[in-house]
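Counting from 9, one number per residue, gives the positions in the sequence shown under my numbering.
Down below is the structure, laid out as structure tokens.
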Amino acid sequence: MAASEQTPPSTSPQLMNIPLELREKIWKLLLPDDVGPTLYLYKKDYWQHRYATPSDNDPEYDPANDENNRRLMFCNDLLRLQFPIVLVFINCETRRFAVDWARRQGLDIDYSRVYPTISASFDPERDFLHVRAGEVLGYFNGLFELLLKLPPGRHFSIRETVVDNLALSEAAFGQMVEQDYLRNIFRNYLLKKLIIVTHTTSEPPSEDEVLTGSSRWELKEEKGGEYTWHDDAFQFHGSKYAGKEELYELIEEGIKALPERVLNHPERETAFKVQLAIAIKRE
């Protein structure tokens, strides 16, 4: 339901007679959790053909001929999560409190409707693109399906995506290793970190939550260790996870197939890492 169609909840007169300091403590309890490394679920059609613009800082941008600015790119600007914060709808005081919190969190605030809408855009350095088991083929085929739809004889440059971190469900990771897909991740993604999501703290998001961006999940790294690419080899740092021996064997099998030319990419500023994590649903 759009914000303009919602009926704002009423505020108890007795509540507004409470001292401001105590009211603010109550408002704080009604805010979402602070924003951490967030999962953005992969959906179809994130690969698109677009024209580069001066604001893209594209070194090959041609101001004289827009036909030379055709690009095929993974549009991470489409990755967005909604924050339905009830404080926005109560009164001016609670609305200011919610908006101030959103600004501190670096969230986007849209004032074009009756009530402000608050959302989070994808932060490639902090957040993770999440691919689940049923999306593995679509994840790899998205670009190729788009290529097949292009008019013959038209030139489009393919741009590496601005996605630093990828999260795979344990089942999706297993599929990629089994079908030898893992190495293909690096064709269009210059990754810094690969997270394998071992389990979630509640039921996975529904299809409606995925489509509307209304479900927020964050990652909590499992205790133990990580694989880090260092000195032309993967090194394990930490201790093995109890009960995860088979998964560790699968990880080691998978990372052996990763090509050194991409792991040693000159634009990679930090060592590539592989870790395990839990997905936690945030309110």
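The C-beta atom is built at its ideal place from N, Cα and C for all residues, glycine as well.
CA nearest to the CA of residue i, picked from the options
| i | options | result |
| --- | --- | --- |
| L258 | Q183, T208 and T278 | Q183 |
| I126 | Y189, P40 and K264 | P40 |
| D116 | S129, F105, R104 and A106 | S129 |
| E75 | A179, S165, G146 and Q90 | S165 |
| L155 | E133, H57 and Y256 | H57 |
| Q113 | R134, V122 and S120 | R134 |
| L227 | L49, F91, F242 and R269 | L49 |
| L176 | H273, H245, K33 and Y147 | Y147 |
| I34 | Y59, E101 and A60 | E101 |
| E261 | K281, D188, N173 and D66 | D188 |
| R290 | F91, T61 and P71 | F91 |
| E254 | K201, P267, T206 and T236 | T206 |
| E143 | Y119, W109, E178 and K157 | E178 |
| A241 | E230, R269, R224 and Y256 | R269 |
| A285 | A265, T278, L202 and H273 | L202 |
| L266 | W109, L199 and K157 | L199 |
| L145 | V282, L190 and I26 | L190 |
| T46 | D66, Y69, R224 and A180 | R224 |
Residue i - containing alpha helix (DSSP H), residue span
| i | result |
| --- | --- |
| Q183 | E178 to E186 |
| G262 | E253 to K264 |
| R104 | C100 to R112 |
| K228 | Taken as a continuous stretch (DSSP letters only), K228 belongs to no alpha helix (DSSP H), being part of the beta strand (DSSP E) at R224 to E229. |
Closer than 9 Å to chain D by CB, residue i
| i | result |
| --- | --- |
| S127 | Given the protein chain composition of this structure (a single chain), no chain D is represented. |
Terminal residues of the beta strand (DSSP E) in which residue i lies
| i | result |
| --- | --- |
| K281 | K281 to R290 |
| D131 | Here D131 belongs to no beta strand (DSSP E), and DSSP marks it neither H nor E. |
| K201 | K201 to T208 |
| F136 | F136 to V139 |
| E1 | Any question about residue 1 goes unanswered here, given that the chain covers just 9 to 291. |
| E118 | This sequence places Asp at residue 118; Glu is not what is there. Here the beta strand (DSSP E) through D118 covers D116 to D118. |
| T278 | Looking at the DSSP string, T278 is not in any beta strand (DSSP E), and its letter there is neither H nor E. |
| L89 | R88 to Q90 |
| Y235 | G233 to H238 |
| F97 | That residue, F97, is in no beta strand (DSSP E); it is neither H nor E in DSSP. |
| H245 | A241 to G246 |
Cβ shell of residue i (< 7 Å), same chain only, five flanking positions each side left out
| i | result |
| --- | --- |
| P16 | In this prediction, P16 scores a pLDDT of 49, lower than 50, which makes its location untrustworthy; the coordinate-derived value is nonetheless stated afterwards. So the qualifying residues of the chain are F97 and I98. |
| H245 | G233, E234 and T236 |
| I263 | Y235, F242 and V282 |
| Y69 | A60, P62 and N77 |
| H273 | L198 |
| E230 | T206, Y249, L284, A285 and I286 |
Proximal residues to residue i (C-beta, below 8 Å), its chain only, five neighbours per side dropped
| i | result |
| --- | --- |
| V107 | V96, I117, P124 and I126 |
| S247 | G232 and G233 |
| P132 | N84, V170, V171, D172 and N173 |
| F152 | none |
| Y59 | D74, N77, R78 and R79 |
| L23 | R31 and I34 |
| P71 | P62 |
| R104 | none |
| T278 | K200 |
| A180 | V139, R140, A141, E143 and V144 |
| R111 | I117 |
Neighbourhood of residue i by C-beta distance below 6 Å, restricted to the same chain and skipping five residues each side
| i | result |
| --- | --- |
| D64 | none |
| L271 | W237 and F280 |
| Q243 | T236 |
| G44 | E226 |
| L219 | Low confidence applies to L219: its pLDDT is 45, below 50, so where it sits in the model is not reliable enough to give any reading. |
| M9 | Residue confidence for M9 is low, a pLDDT of 39 falling below 50, so the modelled location carries little weight; the figure read from the coordinates is stated next. Nothing meets the Cβ criterion. |
| I26 | none |
Closer than 8 Å: residue i CB and nearest the ligand ZN heavy atom
| i | result |
| --- | --- |
| A241 | Looking at this structure, you won't find the ligand ZN or any other ligand, since it has none at all. |
**Study point:** Any 3 or more C-beta pairs closer than 8 Å across the stretch 177–192 and the stretch 128–144
**Key:** The stretch 177–192, when compared against the stretch 128–144, does touch it at the 8 Å Cβ threshold.
Practice item. Could you say if the stretch 42–58 and the stretch 74–90 meet the contact criterion of at least three C-beta pairs nearer than 8 Å? Key: They touch, by the three-pair rule.
Review point. Hey, which unbroken runs of the alpha helix (DSSP H) at 4 residues or more fall wholly within the stretch 16–80?
Key: If we require 4 residues or more, the alpha helix (DSSP H) runs fully inside the stretch 16–80 come out as 21–24 and 28–37.
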